[in-house]
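Quick note on our numbering: the sequence shown kicks off at 18 and runs consecutively.
In this text, a Cβ means the ideal position worked out from N, Cα and C, and glycines have one as well.
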Amino acid sequence: MTTSVRPPAPARVPAPGPVPPPRGRRRAARRPSALLSRTGVTALLALATLYTLLPLTWLLLSSTKSRQDLFGTNGFAPGDEIHLTQNLQYLFSAQDGVYLRWVLNTVLYAGVGALLAAVFSVAAGYAFDKLAFPGKERLFSLVLLGVMVPATALAIPLYLLAAEVGLVNTFWGVFLPGLVFPFGVYLARVFSAAYVPDEVLEAARMDGAGEFRTFCRIAFPMIAPGFVTIFLFQFTQIWNSFFLPLVMLSDQDLYPVNLGLYVWYSSALSQGHPEDYLLAVVGSLVSVAPLIAVFLMLQRFWKSGMTAGAVK
């Protein structure tokens, strides 16, 4: 009896699939998209830079011209330093030096007001973050509601309230509303949660420190970057405020610089005083200088405050 031996079946070879491209080709395929995205971002940054610098450049160049050159030459044509000196002398001496009065008023409105508003905001934000009291979250919801309401919408109600208590056309009618900064309270709570550890506060309380002393000696130095950030935001907002002083004030000696420049510009257009137009241009250039100086002096605190909590 013989048995037949069957040959082994051939092994199945899998069908060839798509061959993945080499790594070098993958990188080459990704380079155009990365290049396009980088080019797009660079272009957007360049446009933002031009949008920021072109008005300042126009102000600087226009302030170096005489009144005839201001209307007779190109806006970006350079002027002369002698004309700039003469324009500055004319600015500070016009109408018995009322521009210096406006600048001093703005420094009081914005400088002192923003400083007190930052202190109140940091104290309120710390209380909302670290202290427990009834209705805390409901009160904070009202603060967030105040953040969403634009300041221009509150100008008329503030005017009516000021009229009831006799603060219309007074320094306090513009100064007191600047002390309230709901967005600063919100920021202060965020900074308090990011900068002030609860363990440090508990250790201070165990050592016998009261809440006020704990806030002043321990918490406030930790929130210093947030304090500077809130101060800069409120300082810029009050310095650029226009509608509230417009409806609140009628005495030119109480005007902030923005309202005074608007009066000069309106006089140049409606009453035919071209010299007031030159005053408005040079005064606008001078009014930008304090903002730039404050930002440069407090730049490092502002940068550290804006990156709070970004890296854990």
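Check the C-beta distance from residue i over to residue j and give it rounded, since I have them as a contact under 8 Å.
i: PHE252; j: ALA127; result: 5 Å
i: PHE200; j: PHE250; result: 7 Å
i: GLY96; j: LEU78; result: 6 Å
i: VAL299; j: LEU105; result: 7 Å
i: PHE237; j: VAL139; result: 7 Å
i: PHE208; j: ILE240; result: 5 Å
i: LEU136; j: TYR203; result: Rather than Leu, the amino acid found at residue 136 in this sequence is Val. Actually they are not in contact, since the Cβ atoms of VAL136 and TYR203 sit about 16 Å apart, beyond 8 Å.
i: VAL58; j: GLN269; result: About 47 Å; that fails the 8 Å criterion.
i: SER15; j: LEU278; result: For the chain, the structure presents residues 18 to 329; residue 15 sits outside this window and is missing.
CB-CB under 6 Å to residue i, same chain, minus the five flanking residues each way: which ones, in chain order?
i: MET18; result: For MET18, the pLDDT reaches just 46, beneath the cut-off of 50, and the residue's location in the model is therefore unreliable, leaving the point undetermined.
i: MET314; result: none
i: VAL274; result: TRP119, VAL120, THR123, SER304
i: PHE259; result: ASN275
i: ALA172; result: PHE260, LEU261, VAL264
i: LEU7; result: Outside the displayed span of the chain (18 to 329) sits residue 7, for which this structure offers no information.
So for residue i, helix, strand or coil by DSSP?
i: PHE260; result: helix
i: THR215; result: Reading off the sequence, residue 215 comes out as Asp, not Thr. Helix, per DSSP.
i: ASP270; result: helix
i: GLY142; result: helix
i: ILE247; result: helix
i: PHE232; result: helix
i: LEU71; result: helix
i: HIS100; result: helix
i: ALA170; result: helix
i: GLY227; result: coil
i: GLY330; result: Past the edges of the chain, shown from 18 to 329, lies residue 330, and the structure says nothing about it.
i: PHE150; result: coil
i: ILE240; result: coil
i: SER83; result: coil
Please go through the same chain and pick out, in chain order, the residues whose beta-carbon is closer than 7 Å to the beta-carbon of residue i, but skip the five residues on each side of it.
i: GLN254; result: none
i: GLY130; result: PHE192, GLY195, LEU196, ILE255
i: ASP86; result: GLY96
i: LEU101; result: SER80, THR81
Relative to the alpha-carbon of residue i, which residue among the options has its alpha-carbon at the smallest distance?
i: ARG84; options: VAL303, LEU296, PHE150, ALA310; result: LEU296
i: GLU216; options: LYS147, ASN186, ALA168; result: LYS147
i: ALA220; options: THR81, ALA211, TYR212, THR231; result: THR231
i: LEU162; options: ILE235, PHE198, ALA135; result: PHE198
i: SER304; options: MET165, VAL124, HIS100, PRO242; result: VAL124
i: LEU193; options: PRO262, SER287, ASP86; result: PRO262
i: LEU76; options: VAL129, TYR294, GLN316; result: TYR294
i: GLN103; options: GLN112, SER80, ASP113; result: SER80
i: PHE88; options: PHE312, PRO307, PRO291; result: PRO291
i: ARG206; options: GLY225, GLY227, ARG222, THR246; result: THR246
i: GLN316; options: PHE248, THR56, LEU184, GLY183; result: PHE248
i: PRO242; options: SER283, ALA211, ASP270; result: ALA211
i: PRO307; options: VAL280, TYR282, ASN257, SER284; result: ASN257
Could you name the residues of the same chain whose beta carbon sits closer than 8 Å to that of residue i, not counting the 5 residues immediately before and after it, in chain order?
i: ILE309; result: none
i: LEU266; result: ASN186, GLY190, VAL191, TYR272, LEU276
- [ ] Mind the definition here: the stretch 147–159 touches the stretch 82–95 only if three or more C-beta pairs lie below 8 Å; say whether that holds.
- [x] no
TODO: Would you be able to state if there are at least three C-beta pairs under 8 Å between the stretch 175–193 and the stretch 204–216?
DONE: no
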